[in-house]
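A.B. asks: Quick note on numbering: UniProt numbering labels position 233 of the sequence shown as 233, and the sequence is numbered without any gaps.
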Amino acid sequence: MATMESLIGLVNRIQRACTVLGDYGGEGMSLWEALPSVAVVGGQSSGKSSVLESVVGRDFLPRGSGIVTRRPLVLQLHKLDKGQSEYAEFLHATKKRFTDFASVRREIQEETDRITGKSKQISNIPIHLSIYSPNVVNLTLIDLPGLTKVAVEGQPESIVEDIENMVRSYVEKPNCIILAISPANQDIATSDAIKLAREVDPAGERTFGVVTKLDLMDKGTNALDVLEGRSYRLQHPWVGIVNRSQADINKNVDMIAARRKEREYFETSPEYGHLSHKMGSEYLAKLLSKHLETVIRQRIPSIIALINKTIDELNAELDRIGRPIAVDSGAQLYTILEMCRAFDRVFKEHLDGGRPGGDRIYGVFDHQLPAALKKLPFDRHLSLRNVQKIVSEADGYQPHLIAPEQGYRRLIDGSISYFKGPAEASVDAVHFVLKELVRKSIAETEELKRFPSLQSDIAAAATESLEKFRDESRKTVLRLVDMESSYLTVEFFRKIHLEPEKNSNPSGPNMDRYADNHFRKIGSNVNAYINMVCDTLKNSIPKAVVYCQVREAKRSLLNQFYAHVGRREKEQLGAMLDEDPALMERRTAIAKRLELYKSARDEIDSVAWK
Numbered sequence: 001m002a003t004m005e006s007l008i009g010l011v012n013r014i015q016r017a018c019t020v021l022g023d024y025g026g027e028g029m030s031l032w033e034a035l036p037s038v039a040v041v042g043g044q045s046s047g048k049s050s051v052l053e054s055v056v057g058r059d060f061l062p063r064g065s066g067i068v069t070r071r072p073l074v075l076q077l078h079k080l081d082k083g084q085s086e087y088a089e090f091l092h093a094t095k096k097r098f099t100d101f102a103s104v105r106r107e108i109q110e111e112t113d114r115i116t117g118k119s120k121q122i123s124n125i126p127i128h129l130s131i132y133s134p135n136v137v138n139l140t141l142i143d144l145p146g147l148t149k150v151a152v153e154g155q156p157e158s159i160v161e162d163i164e165n166m167v168r169s170y171v172e173k174p175n176c177i178i179l180a181i182s183p184a185n186q187d188i189a190t191s192d193a194i195k196l197a198r199e200v201d202p203a204g205e206r207t208f209g210v211v212t213k214l215d216l217m218d219k220g221t222n223a224l225d226v227l228e229g230r231s232y233r234l235q236h237p238w239v240g241i242v243n244r245s246q247a248d249i250n251k252n253v254d255m256i257a258a259r260r261k262e263r264e265y266f267e268t269s270p271e272y273g274h275l276s277h278k279m280g281s282e283y284l285a286k287l288l289s290k291h292l293e294t295v296i297r298q299r300i301p302s303i304i305a306l307i308n309k310t311i312d313e314l315n316a317e318l319d320r321i322g323r324p325i326a327v328d329s330g331a332q333l334y335t336i337l338e339m340c341r342a343f344d345r346v347f348k349e350h351l352d353g354g355r356p357g358g359d360r361i362y363g364v365f366d367h368q369l370p371a372a373l374k375k376l377p378f379d380r381h382l383s384l385r386n387v388q389k390i391v392s393e394a395d396g397y398q399p400h401l402i403a404p405e406q407g408y409r410r411l412i413d414g415s416i417s418y419f420k421g422p423a424e425a426s427v428d429a430v431h432f433v434l435k436e437l438v439r440k441s442i443a444e445t446e447e448l449k450r451f452p453s454l455q456s457d458i459a460a461a462a463t464e465s466l467e468k469f470r471d472e473s474r475k476t477v478l479r480l481v482d483m484e485s486s487y488l489t490v491e492f493f494r495k496i497h498l499e500p501e502k503n504s505n506p507s508g509p510n511m512d513r514y515a516d517n518h519f520r521k522i523g524s525n526v527n528a529y530i531n532m533v534c535d536t537l538k539n540s541i542p543k544a545v546v547y548c549q550v551r552e553a554k555r556s557l558l559n560q561f562y563a564h565v566g567r568r569e570k571e572q573l574g575a576m577l578d579e580d581p582a583l584m585e586r587r588t589a590i591a592k593r594l595e596l597y598k599s600a601r602d603e604i605d606s607v608a609w610k
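#1: I'd like to know whether the C-beta atoms of V477 and A429 end up nearer to each other than 7 Å.
#2: Using CA atoms only, rank isn't needed, just tell me which of L437, A591, A528, D100 is closest to K495.
#3: Apart from the five residues just before and just after Q235, which ones in its own chain have a Cβ nearer than 6 Å to its Cβ?
#4: Does DSSP classify A151 as helix, strand or coil?
#5: What does DSSP give as the partner residue(s) for D225 in the beta ladder?
#6: Please report the straight-line C-alpha distance between M255 and G57, rounded to a whole angstrom.
#7: How about the region 466–482 and the region 378–391: do they share at least three Cβ pairs that are nearer than 8 Å?
#8: Would you call the CB atoms of Y597 and T310 closer than 7 Å?
#9: Just the C-alpha distance for R555 and S486, rounded to the nearest angstrom, thanks.
#10: Since E424 and R474 should fall inside the 8 Å C-beta cutoff, what is the C-beta to C-beta distance between them, to a whole number of angstroms?
#11: Tell me the residue span of the alpha helix (DSSP H) that contains P72.
#12: By DSSP's criteria, K79 is part of a beta bridge. Which residues make up the other side?
#13: In this structure, how does DSSP classify F492 when only helix, strand and coil are distinguished?
#14: Below 7 Å between beta carbons: does that hold for G407 and V391?
#15: Return the chain-ordered list of same chain residues with a C-beta closer than 6 Å to the C-beta of R601, the five sequence neighbours on each side being excluded.
#16: Per DSSP, which residues does S182 bridge with? Please list them.
#17: On a Cα-Cα basis, can you pick out the residue from G574, P62, T140, K449 that is closest to V104?
#18: Note down the Cα distance separating A563 from S302, rounded to an integer number of angstroms.
#19: Determine, using beta-carbon pairs with one atom in the region 133–140 and one in the region 84–95, whether at least three such pairs fall under 8 Å.
#20: Please classify R244: is it buried, with 16 or more other beta-carbons within 10 angstroms of its beta-carbon, or exposed?
#21: When burial is assigned at 16 or more other CB atoms within 10 Å of the CB, is I125 buried or exposed?
#22: Taking only the alpha-carbon atoms, compute the straight-line gap between R450 and E464 and give it to the nearest angstrom.
#23: Taking E172 as the reference, give the member of T148, P202, T190 with the closest Cα.
#24: For V38 and L144, which I take to be in contact (beta-carbon distance under 8 Å), what is that distance rounded to the nearest angstrom?
#25: Ignore the nearest five residues each way along the sequence and tell me which others in A17's own chain have a CB closer than 6 Å to its CB.
#26: Check whether the region 270–282 touches the region 66–82, taking contact to mean three or more Cβ pairs, one atom from each stretch, closer than 8 Å.
#27: Taking F101 as part of the beta strand (DSSP E), name the residues at either end of that continuous run.
#28: Are the beta-carbon atoms of Q332 and L80 separated by less than 7 Å?
#29: Select from E338, L437, G322 the residue whose C-alpha is nearest the C-alpha of A591.
#30: Could you check how far apart the C-beta atoms of V55 and A285 are, in whole angstroms? I think they sit under 8 Å.
#31: So, with DSSP's three-state summary, where would you put H92?
#32: Could you give the DSSP three-state label for S231: helix, strand or coil?
#33: For Y283, does the three-state DSSP call read helix, strand or coil?
#34: Can you tell me the Cα-Cα spacing of R568 and G357, whole angstroms?
#35: Between P404 and the rest of its own chain, which residues show a CB-CB distance below 6 Å, the 5 nearest in sequence each way excluded?
#36: May I ask which residues mark the beginning and end of the alpha helix (DSSP H) holding T476?
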């Protein structure tokens, strides 16, 4: 089996790695939270900071009246071999190694002030400190702000509730071991730490009780009822601590000497001598370390299960946002072409009906074009007065003898020219739909989301191609309209000529060639012919638009882009695959977490079952 030091040391290393990567807290349970740690809880001036210093064997925590601990201090102790020099490191200053513990105290104070200011406010943003020393056991301790009952000057009224909520957020986690600090000169029934521990751990399975200031009790009194579990029973033994006196602190008595003095106090005490082997800060540290090792062993299966679950989730997330791209030009070109093909598939699905949008093109032909044709001003153009005017102008100085052919042609040409507007409008409407489908297809192509530069390049290339298709389509539909003007359907007019004119009377005033009925008949004939042309164009314009724009968009939307990309250099290809910095940062963070979890799994497997 693994030694206690190797297993707890491993947990410490994993927790530190989690801290560096920010893998603690948040939704669900992080690996940091799954690994057991010890939260130090106590009221203000209960002596909890002194207990921590005794466990560490160093004087390194800020002191003062009121709230001194204003941010959680995550303290990781790493045991070194004898003879090695002790030092400390902060997560926020990883490149600096502290060997002077007075400097550690100043750094804690300055880092606290950096977030909270020099006020008496608190913050739930933790300070992470690692201490490496031959005089410690492997342990993770969390020093929390002292519980208080009233707000003092300079503090918000909510400070009492804020501190309790912060402390509770740590100790209510099932993997948290609670170190409840209570001063001996206070009734245990009123202890803030015990009260809170009882609420979150009613069975006392996770709580260790610590009684401080035993040497400050009134003469003739002692804390045996508490230490022997008669006042308040826990599943783990109570431990008594004798901290340095204020005089010792003023004289800078070191913690190693203080530990020796503490041992002597218990060994020579008439009240506590029989408990001396289970009292003191050294015993407390070993007790916590041993219990922590037991808890870790019990939790190994659930920790491994969490690690495996998280590894699967991280791999799935990497697959979703995309794996890193190779740096050689061949792989980059292949990736670009794959992205383009993925986009092309989505675009065709929109056109062919697999995704919404293509139906809007049919809407142009089935609704927009017919509606535009109906609104053409043929009534005005073929009004009696305009027909008379155009026919008369076409005749010139010599009136027509039988039928006003030039007048007919001018009326027909003028009418047919109106079709150019709806024809061009249909081209533009389909062009707009295709551009919108390109935009939607780019947004819906999952593979492209990580490459904003490539998205822009594809959008620009697709738009350029669509504009070429639009220009060709416009020429084609205008050519269709011009074709109707260039050669009229003679059969239509021959049939009209054979039909007898209604209400005709060869005698009388109606013989006048400028009579109203005559011009009405001309206008009616032209209108009938234009209706025939309209029906023809209503069918031929959609065919031309689909052929020139939709068909070409499906066949060759990115052909020019492919040719252009194939000639690009490696640097240009790399620029096209320039990912969103936030996405790159996200992938790097996921990769680091994945490496951490895999390494943690392997190390736990290798250490736990030795």
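Beta carbons: idealized from backbone N, C-alpha and C, even for Gly.
C.D. replies: By the coordinates alone:
#1: The residue you call residue 477 lines up with position 477 of the sequence shown. The residue you call residue 429 lines up with position 429 of the sequence shown. It is not a contact, given that the beta carbons lie outside the stated cut-off.
#2: Numbered from its first residue, the sequence shown carries residue 495 at position 495. Looking at the Cα atoms, A528 is the closest of the given residues.
#3: One-based indexing of the sequence shown puts residue 235 at position 235. In chain order, G204, E205 place their CB closer than 6 Å to the CB of Q235, counting only its own chain and leaving out the 5 sequence neighbours on each side.
#4: As a working mapping, residue 151 is identified with position 151 in the sequence shown. It is coil, neither helix nor strand.
#5: Within the sequence shown, residue 225 is the residue found at index 225, counting from 1. Paired residues: none, contrary to the question.
#6: Here residue 255 is taken as the residue at index 255 of the sequence shown, counted from 1. Here residue 57 is taken as the residue at index 57 of the sequence shown, counted from 1. Rounded to the nearest angstrom, the gap between the Cα atoms of M255 and G57 is 5 Å.
#7: Three or more Cβ pairs closer than 8 Å define a contact, and the region 466–482 falls short of that threshold against the region 378–391.
#8: Position 597 of the sequence shown, counted from the first residue, corresponds to residue 597. Position 310 of the sequence shown, counted from the first residue, corresponds to residue 310. In this structure, T310 lies closer than 7 Å to Y597 by Cβ.
#9: Reading the sequence shown from its first residue, position 555 is the one you call residue 555. Reading the sequence shown from its first residue, position 486 is the one you call residue 486. One Cα belongs to R555, the other to S486, and the distance between them is close to 33 Å.
#10: To locate residue 424, count along the sequence shown from 1; it is residue 424. To locate residue 474, count along the sequence shown from 1; it is residue 474. Indeed, because the Cβ distance is near 6 Å, the residues count as touching under 8 Å.
#11: Counting from 1 along the sequence shown, the entry for residue 72 is found at position 72. Per DSSP, P72 is not a residue of any alpha helix (DSSP H), being assigned neither H nor E.
#12: Here residue 79 refers to the residue found at position 79 of the sequence shown. Beta-bridge pairing links K79 to S133.
#13: For the purposes of this step, residue 492 is taken as the residue at position 492 of the sequence shown. Annotated three-state conformation of F492 is helix, per DSSP.
#14: The residue given as residue 407 occupies position 407 in the sequence shown. The residue given as residue 391 occupies position 391 in the sequence shown. For G407 and V391, yes; Cβs fall inside 7 Å.
#15: Counted from its first residue, the sequence shown places residue 601 at position 601. Close CB contacts of R601 within its chain, under the 6 Å cut and outside five residues either way in sequence, are with I307 (chain order).
#16: Counted from its first residue, the sequence shown places residue 182 at position 182. As DSSP reads the structure, S182 sits in a beta bridge with V211.
#17: Numbered from 1 along the sequence shown, position 104 holds the residue referred to as residue 104. For V104, the nearest C-alpha among the options comes from P62.
#18: Reading the sequence shown from its first residue, position 563 is the one you call residue 563. Reading the sequence shown from its first residue, position 302 is the one you call residue 302. Here the alpha carbon of A563 sits roughly 55 Å from the alpha carbon of S302.
#19: Result yes; three or more Cβ-Cβ pairs closer than 8 Å.
#20: Sequence index remark: in the sequence shown, residue 244 carries index 244 (1-based). That one is buried.
#21: By 1-based counting over the sequence shown, the position of residue 125 is 125. It counts as exposed.
#22: Mapped onto the sequence shown, residue 450 falls at position 450. Mapped onto the sequence shown, residue 464 falls at position 464. Between R450 and E464, the C-alpha separation is close to 23 Å.
#23: By one-based count along the sequence shown, residue 172 stands at place 172. When only C-alpha atoms are compared, the closest one is P202.
#24: Residue numbering aside, residue 38 sits at position 38 when the sequence shown is read from its first letter. Residue numbering aside, residue 144 sits at position 144 when the sequence shown is read from its first letter. Contact flag wrong, Cβ pair sits at about 11 Å.
#25: Translated into positions along the sequence shown, residue 17 becomes position 17. Excluding positions up to five away in sequence, the list reads L596.
#26: As far as the Cβ criterion goes, the region 270–282 does not touch the region 66–82, which means the pair count is below three.
#27: Residue mapping note: residue 101 aligns to position 101 of the sequence shown, counting from 1. Segment 101–116 is the alpha helix (DSSP H) holding F101; no beta strand (DSSP E) there.
#28: Position 332 of the sequence shown, counting from 1, holds the residue named residue 332. Position 80 of the sequence shown, counting from 1, holds the residue named residue 80. No; because the gap between Cβ atoms is not below 7 Å, this pair is not in contact.
#29: Taking the sequence shown and counting its residues from 1, the one referred to as residue 591 is at position 591. Ranking E338, L437, G322 by Cα distance to A591 puts G322 first.
#30: As a position in the sequence shown, residue 55 is number 55, starting the count at 1. As a position in the sequence shown, residue 285 is number 285, starting the count at 1. Contact flag correct, Cβ pair sits at about 5 Å.
#31: Walking along the sequence shown from the start, residue 92 turns up at place 92. Note: H92 maps to coil in three-state DSSP.
#32: Looking up residue 231 in the sequence shown gives position 231. Coil.
#33: Against the sequence shown, residue 283 aligns to sequence position 283. Y283: helix per DSSP, three-state reduction.
#34: If you number the sequence shown from 1, residue 568 lands on position 568. If you number the sequence shown from 1, residue 357 lands on position 357. So the two alpha carbons sit approximately 33 Å from each other.
#35: Translated into the one-based positions of the sequence shown, residue 404 becomes position 404. Answer for P404: V391, listed in chain order.
#36: Taking the sequence shown and counting its residues from 1, the one referred to as residue 476 is at position 476. Per DSSP, T476 belongs to the alpha helix (DSSP H) from 452–486.
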